[in-house]
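Colleague: I'd like to ask some things about the structure below.
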Amino acid sequence: MLTLRGGGPEALSRAFPPEILARLIRHLEAAWPHEGCGVILQGRAGEGEPWRVLPLPNASPTPRVAYAFAPEVWLQVCKEADARQETVVCVFHSHVDTAAVFSAEDRRQAAPEGIPLLPQMSYMVVAIHDGRATSASSSEWQQGDFQTVPIPVPDFRFENPL
Ligand SMILES: [Zn+2]
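Following our numbering, the numbering of the sequence shown begins with 842 at its first residue and continues without gaps.
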C-alpha cells in the first residue's frame, strides 16, 4: 500500500515557503497556454530540504482546459516517494486565463461521486493569465467537502505587475 499521508485538518493553513511556490509557478507559467501540473512532496523531518516540487507532464487530451497525470507517471511518483520516504502532500495545476477556483471538474476528479480519493491531499490551483500567475487557491477535504482558501502569489520577479 502506497502511503499518501497528509497534514490533517491543520494542513489547510500549511504555508509552503515562497521559493517553493515560485518554483511551481515558474513551471505553470511555462506551460501556458496549457494547464501545467505536478506535485509537492514532503521529506522526512530533519533531512535536507523539506519540500520538493515535481512538475509532471499534462496527459490530458484537452490540456488547455484540463490536466491529468498518466497512470504510469503517477505510479512512478508514488514509488519514488516511498523509496525516498517522502509524502505527496499537494497536487497543483494551473487554470489558463481564468480564475483560480477549485472547479466542478477539479472536484469531480479529486472526489468522484463525492468520495475523496486522497482525503489528506491539498489541491493548489494557480490562475495563469497571459503566461503570468495572478492568483492561487488551496483546497482540502474537510468535514465532508472541499474547503478552499486563497493563497498569496509570491512576488518573486522583482518586476512591476501590469
Ligand atoms: Zn482545474
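Ideal placement from N, C-alpha and C gives every residue a C-beta, glycine not left out.
In the DSSP assignment, find the unbroken alpha helix (DSSP H) run with Asp923 in it and report its ends.
Modeller: Position 82 of the sequence shown, counted from the first residue, corresponds to residue 923. Pro912 to Ala924 is the extent of the alpha helix (DSSP H) around Asp923.
Colleague: Among His875, Gly884 and Val894, whose alpha-carbon lies nearest the alpha-carbon of Pro859?
Modeller: Translated into positions along the sequence shown, residue 859 becomes position 18. If we check each option's Cα against that of Pro859, Val894 comes out closest.
Colleague: Going by DSSP in three states, Glu981 sits in which element: helix, strand or coil?
Modeller: Walking along the sequence shown from the start, residue 981 turns up at place 140. If DSSP states are grouped into helix, strand and coil, Glu981 belongs with the strands.
Colleague: Where Ser963 and Cys931 are concerned, what is the direct C-alpha to C-alpha distance, given to the nearest angstrom?
Modeller: What you label residue 963 is simply residue 122 of the sequence shown in a count that begins at 1. What you label residue 931 is simply residue 90 of the sequence shown in a count that begins at 1. Whole-angstrom Cα-Cα distance: 5 Å.
Colleague: Between the C-alpha atoms of Leu1024 and Pro995, what's the straight-line distance to the nearest angstrom?
Modeller: Missing from the structure shown is residue 1024; the chain here goes from 842 to 1003 and no further.
Colleague: Check for me: the beta strand (DSSP E) holding Asp996 runs from which residue to which?
Modeller: Translated into the one-based positions of the sequence shown, residue 996 becomes position 155. Careful: Asp996 lies outside any beta strand (DSSP E) and carries neither H nor E.
Colleague: According to DSSP, simplified to helix, strand and coil, what is Gly879?
Modeller: The count along the sequence shown starts at 1 and reaches residue 879 at position 38. Gly879 falls in the strand class under three-state DSSP.
Colleague: Determine the direct distance from the alpha carbon of Ala871 to that of Gln984, and round the result to whole angstroms.
Modeller: As a first step, residue 984 is located in the sequence shown; it is residue number 143 there, counting from the start. As a first step, residue 871 is located in the sequence shown; it is residue number 30 there, counting from the start. Taking the straight line from one Cα to the other gives about 35 Å.
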